[in-house]
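Below is one structure, written out as structure tokens; the observations come after it.
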Amino acid sequence: MASDVHHEIHGTGDPVLLLAGLAGTGRGWGDQVDRFASEFTTIVADHPGTGGSAPPVGRPTIEGHASALADMVRSIGCGPVHVVGSSTGGAIAQVMALDHREVVRSTVLVSSWARADDFFRHQFAVRKDVLMRQGGAAYARTSALFLFSPRYFRDNFEQVDAWCGHASSTDPANMSARIDMILAHDQLDRLGAIGVPTMVLVGSDDACTPVYFSEELAAAIPGASLTVLAGGHLIYKEEPAGFHRVVADFLNRH
8 MASDVHHEIH GTGDPVLLLA GLAGTGRGWG DQVDRFASEF TTIVADHPGT GGSAPPVGRP
68 TIEGHASALA DMVRSIGCGP VHVVGSSTGG AIAQVMALDH REVVRSTVLV SSWARADDFF
128 RHQFAVRKDV LMRQGGAAYA RTSALFLFSP RYFRDNFEQV DAWCGHASST DPANMSARID
188 MILAHDQLDR LGAIGVPTMV LVGSDDACTP VYFSEELAAA IPGASLTVLA GGHLIYKEEP
248 AGFHRVVADF LNRH
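Structure, rendered in structure tokens:
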């Protein structure tokens, strides 16, 4: 079976699929790819319509992304896989565990959510307005305020500024459609049907998907654990060693 999802495979061991956040490209995981590849067969994928992956037919949906990524796993023939999804990747992981159970071994839902609320909708209305009125550079600078903790922003401004430079190339039309996609994501009432081991992980200072979203996920998924690390939404960038250690320990137990 062929797959339209661009992906790379690194390392050896139990298979782990890393799913990035809203930007969708696997390169966003940075040095986490090498960290995971030192212990696991690490599959890094670009979401449909991002990076090297073919665009979806029609407007993007989380369900469509989950189906495409499940097909990719089937095409590789290495499933079931541990799915580690950050933010939007965590939303996709939820649907994969619900609708494509045979390809999922466990899930780690990082900085994610199950249903948008007024805060989430208001945040993305502002970010989308900046994107469409002022372009990718202004959108990246605005988004950084939600994605990095204030302490990390202060102490590591060069890294934050570099991230803004990379994110400035965002295509407004594509990102606008992707924002609509995440606002439509709503699996809260279905989470009780997830039957794979699940860890929910979030940064204590996450201003994009605050801790209460992760508390909601952990409460709704049978047997799920909740881990809170010090840091912001991009916790795997702010606390790379601690993030990897916690996730790898969970994966090795399952």
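Take 8 as the starting number for the sequence shown in this note's numbering and just add one per residue.
We put the CB at the ideal spot given by N, CA and C, even for glycine.
Asked	Found
Less than 8 Å between the C-beta atoms of residue 90 and residue 103, yes or no?	yes
Is the CB-CB distance between residue 159 and residue 31 below 8 Å?	no
By a C-beta neighbour count over all protein chains shown, 10 Å radius and 16 as the cutoff for buried, is residue 141 buried or exposed?	exposed
By the 10 Å Cβ neighbour count, where 16 or more other Cβ atoms means buried, how is residue 131 classified, buried or exposed?	buried
Against chain D, with Cβ distances strictly below 8 Å, would residue 252 count as a contact?	The structure shown has no chain D; it contains just one protein chain.
Count the other CB atoms, across all protein chains shown, that sit within 10 Å of the CB of residue 206; report buried if there are 16 or more and exposed otherwise.	buried
Considering only residues of the same chain and omitting the five flanking positions on each side of residue 177, which have a CB-CB separation below 8 Å?	30, 138, 143, 146, 147
Could you have a look at residue 232 and say whether DSSP puts it in helix, strand or coil?	strand
Short of 7 Å in beta carbon distance, which residues of its chain neighbour residue 9, apart from the five on each side in sequence? Order them along the chain.	Low per-residue confidence applies at residue 9: pLDDT is 42, beneath 50, and the placement is therefore not dependable, though the value from the model is reported in the following sentence. If we look at residue 9 and ignore the five residues flanking it on each side, its Cβ neighbours are 82.
Thinking C-beta only, is residue 223 closer than 8 Å to residue 121?	yes
Would DSSP call residue 8 helix, strand or coil?	Because residue 8 sits at a pLDDT of 36, beneath the cut-off of 50, its placement in the model cannot be relied upon, and the following sentence gives the value as read from the coordinates. The answer is coil: DSSP assigns residue 8 none of H, G, I, E or B.
Hey, residue 242 and residue 233: beta-carbon distance below 8 Å or not?	no
Whose CA, out of 63, 157, 164, lies closest to the CA of residue 13?	63
Going by DSSP in three states, residue 13 sits in which element: helix, strand or coil?	coil
Determine the extent of the beta strand (DSSP E) in which residue 92 is found, giving its start and end residues.	88 to 93
Under the assumption that residue 261 contacts residue 113 (Cβ atoms under 8 Å), give the Cβ distance between them as a whole number of angstroms.	5 Å
In the structure shown, what three-state DSSP assignment does residue 247 receive?	helix
Please name the residue, chosen from 85, 76, 84, 59, that lies closest to residue 92 on a Cα-to-Cα basis.	76
Give the single residue among 164, 56, 86, 203 whose Cα lies nearest to the Cα of residue 185.	56
Counting C-beta neighbours from all protein chains within 10 Å, is the total for residue 134 16 or more, i.e. buried, or is it exposed?	buried
Taking the beta carbon of residue 157 as the centre, do at least 16 other beta carbons fall within 10 Å, making it buried, or is it exposed?	exposed
Quick one: Cα of residue 34 to Cα of residue 27, how far?	8 Å
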